[in-house]
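Q: Count along the sequence shown from 1, add 546, and you get the number used in our numbering.
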Amino acid sequence: ALVANLSIFDLGGDDPGSGEIGYWTHPDARGRGVMTEAARLAVDHAFRPTADGGLGLRRLTLLASAGNAASAHIARRSGFTEVGRERQAELLGDGNYDDLLTFDILVSDDRLGPTPGRT
Numbered sequence: 547a548l549v550a551n552l553s554i555f556d557l558g559g560d561d562p563g564s565g566e567i568g569y570w571t572h573p574d575a576r577g578r579g580v581m582t583e584a585a586r587l588a589v590d591h592a593f594r595p596t597a598d599g600g601l602g603l604r605r606l607t608l609l610a611s612a613g614n615a616a617s618a619h620i621a622r623r624s625g626f627t628e629v630g631r632e633r634q635a636e637l638l639g640d641g642n643y644d645d646l647l648t649f650d651i652l653v654s655d656d657r658l659g660p661t662p663g664r665t
């Protein structure tokens with residue numbers, strides 16, 4: 547069974563040194579630190595030099611609906627910093643709009659954040 551999915555995408559666009567990360571977790575797997583650990587591993591891979599098997603990026607972005615506290619929590623615990631908010635930018639399934647939070651992390655940032663499983 548698939549419990550989670552994480553992707554790094556938008557590689558090689560206008561800024562070849564950047565990408566975006568997105569993820570989802572099955573409800574039965576939430577609250578266990580699975581996605582936080584996966585996000586940290588993905589960030590490490592994204593910033594690892596290409597000569598060492600990584601993507602060699604310098605910046606990653608992450609978007610999260612303001613109403614999705616769990617996603618924002620994962621972003622922060624994975625070392626991302628909230629850098630902006632777009633008001634009513636996310637169309638929800640019920641037809642309403644929510645604010646969209648923008649997070650980013652740079653290769654030069656301290657990525658030692660809190661240990662998974664701790665708040």
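Ideal placement from N, C-alpha and C gives every residue a C-beta, glycine not left out.
Enumerate in chain order the residues of its own chain whose CB-to-CB distance from Ala-592 is below 8 Å, with the five nearest sequence positions on each side excluded.
A: The residue given as residue 592 occupies position 46 in the sequence shown. Closer than 8 Å at Cβ, skipping near neighbours: Ile-554, Gly-565, Ile-567, Gly-600, Leu-601, Leu-603 and Leu-606.
Q: Mind checking if Glu-566 is an interface residue toward chain D, Cβ cutoff 9 Å exclusive?
A: The structure shown contains no chain D, having only a single protein chain.
Q: Between which residues of its own chain and Asp-655 is the CB-CB distance below 8 Å, once the five residues before and five after are set aside?
A: Here residue 655 corresponds to residue number 109 of the sequence shown, with the count starting at 1. Correct list, in chain order: Gly-625 and Thr-627.
Q: Where Ala-610 and Arg-594 are concerned, what is the direct C-alpha to C-alpha distance, given to the nearest angstrom?
A: Taking the sequence shown and counting its residues from 1, one reaches residue 610 at position 64. Taking the sequence shown and counting its residues from 1, one reaches residue 594 at position 48. If you take the alpha carbons of Ala-610 and Arg-594, they lie about 25 Å apart.
Q: What is the residue span of the alpha helix (DSSP H) that Arg-586 lies within?
A: The residue labelled residue 586 in the question sits at position 40 within the sequence shown. Taken as a continuous stretch (DSSP letters only), the alpha helix (DSSP H) holding Arg-586 covers 580-593.
Q: According to the neighbour-count rule (16 or more other Cβ atoms, all chains shown, within 10 Å of its Cβ), is Pro-637 buried or exposed?
A: Position 91 of the sequence shown, counted from the first residue, corresponds to residue 637. According to the sequence displayed, residue 637 carries Leu and not Pro. So Leu-637 ends up on the exposed side.
Q: Got a sec, what are the start and stop residues for the alpha helix (DSSP H) Ala-510 sits in?
A: In the structure displayed, the chain extends from 547 to 665; residue 510 sits before or after that span and is not available.
Q: Could you give the C-beta distance for Ala-575 and Ala-550, rounded to a whole number, given that I count them as a contact under 8 Å?
A: As a working mapping, residue 575 is identified with position 29 in the sequence shown. As a working mapping, residue 550 is identified with position 4 in the sequence shown. 6 Å between Cβ atoms; contact.
Q: Could you tell me which of Asn-642, Gln-634 and Leu-647 sits nearest to Asn-614, measuring between CA atoms?
A: Looking up residue 614 in the sequence shown gives position 68. The shortest Cα separation from Asn-614 among Asn-642, Gln-634 and Leu-647 belongs to Leu-647.
Q: Am I right that Ala-616 and Leu-608 are in contact with their C-beta atoms under 8 Å? What's the rounded C-beta distance?
A: Reading the sequence shown from its first residue, position 70 is the one you call residue 616. Reading the sequence shown from its first residue, position 62 is the one you call residue 608. No, Ala-616 and Leu-608 are not in contact; Cβ-Cβ is about 13 Å, not under 8 Å.
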